[in-house]
Amino acid sequence: MTKLHNQYEELKDRQLLNIRIIEAQEDERKRIAREIHDGPAQSMANVILKAELCEKLINKDVEKAKDELKNLKDIAHLSLKEVRKIIYDLRPSVLDDLGLIPAVSKYINDFTNDTGINVDFITLSEHKRLKPEIEITCFRVIQEALTNIRKHSKARNAVIRLEFGDRFISIIIKDNGIGFEKTSQDNKFGLLGMRERVQILNGKFEINSSPNEGTQIYISIPLGGDKCND
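Residue numbers (numbering that gives the first Met the number 0): 0 to 229.
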C-alpha cells in the first residue's frame, strides 16, 4: 500500500511539474510577444510613417527629407539592435559555440553597460563544456537572477561565483540590494521557475534574503544526473 501511495504521489508531482512547465512556456511566449510589440513592432511602424513623410517631402523640401531619412536610419538601427537582443535572449549562439563561461561573461558585460550595476564574475576552477541542458539551465538561472537584481533589488553591486567540480557545478549569486521577506518567496520574482529548472536536473536551489541585507542564491547541479543531497 505504501509503495502504491508513493507511486501516486510521484505521479502527482510529475503532473504538477508538467503543468508548471507548460505555464512557464506560455509566460515566456507572452514576454516575447510583449517585447516584440513594444520594441521592433513599434519601430517598424515608425519606419513606415517616416518613409511616407520622406515621400511627401522629397520634391518639396530636400533638406527636410534628408533629416527625416537620417531619423529613419536611426530607427532602423535601433530596431535591429532590439531584434538581435531578443534573439540573443532566446538562445545565445555563444553558449552553443563556446560554452557557459563565455556566454555568461558576455551577458554580464552587456548587463553592466545597460544598467550601470557592477557584477564581479568569479570562476573557481577550470572551465569545461557540460551537457547542453546543464549549460542552458545555469545560463537561464543567472539571467533571471540578474533581471531580478535590475528590476527589484536596487543593488549597485553583485557577485557571481561559479565552480566546476568533478560531480557538480555550483553557482552563488549575491547582491547588496534591499532584499525581501522570505515568506512565499517562491511566488515572487520568477523564483519558482528558477527552482523548477534546477530541480528538473536533480539539482539543489536555495535562496537567502532579508530586508536591507541583500539576496544570495545558491545552485548546485549534478553533472552525471545523480540527485544532490539536501
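Built from N, CA and C at the ideal position, the CB exists for glycine as well.
Do residue j and residue i have their beta-carbon atoms positioned less than 8 Å apart in this structure?
i	j	result
residue 214	residue 176	yes
residue 82	residue 39	yes
residue 116	residue 141	no
residue 31	residue 86	no
residue 67	residue 52	yes
Spatial neighbours of residue i within its chain, please: CB distance less than 7 Å, with the 5 preceding and 5 following residues excluded, ordered by chain position.
i	result
residue 99	129, 134, 137 and 138
residue 50	71
residue 152	174, 176, 177 and 214
Span of the alpha helix (DSSP H) holding residue i?
i	result
residue 68	61-89
residue 208	Premise fails: residue 208 lies in the beta strand (DSSP E), 203-208, not in any alpha helix (DSSP H).
residue 99	99-114
residue 189	No alpha helix (DSSP H) holds residue 189; DSSP gives it neither H nor E.
Starting from the C-beta of residue i, find all residues in its chain whose C-beta is less than 6 Å away, skip the five residues before and the five after it, and write them out in chain order.
i	result
residue 169	162 and 219
residue 229	Reliability fails at residue 229, whose pLDDT of 46 lies under 50, so the model's placement of it is uncertain and the value that follows must be treated cautiously. Nothing listed; no residue qualifies.
residue 209	178
residue 171	160 and 217
residue 144	172 and 216
residue 207	215
Quick one: does the C-beta of residue i sit closer than 7 Å to a heavy atom of the ligand MG?
i	result
residue 47	As presented, the structure is devoid of all ligands, the ligand MG included, so that no description of it is given.
Enumerate in chain order the residues of its own chain whose CB-to-CB distance from residue i is below 8 Å, with the five nearest sequence positions on each side excluded.
i	result
residue 223	166
residue 221	166, 167, 200, 201, 202 and 227
residue 93	101, 102 and 105
residue 42	74, 75, 77, 78 and 81
DSSP three-state call for residue i: helix, strand or coil?
i	result
residue 48	helix
residue 129	coil
residue 121	strand
residue 177	coil
residue 148	helix
residue 31	helix
residue 135	helix
residue 229	With a pLDDT of only 46 at residue 229, under 50, the local geometry of the prediction cannot be trusted, and the value read off the model is given with reservation. Coil at residue 229, not helix or strand.
residue 57	coil
Starting from residue i, trace the beta strand (DSSP E) in both directions and tell me its first and last residue.
i	result
residue 162	156-163
residue 216	214-221
Cβ contact (3+ pairs, closer than 8 Å) linking the segment 106-124 and the segment 60-78: Touching, no.
Assess contact between the segment 54-68 and the segment 89-106, defined as three or more Cβ pairs (one per stretch) separated by less than 8 Å. Is contact present?
Verdict: no, contact absent.
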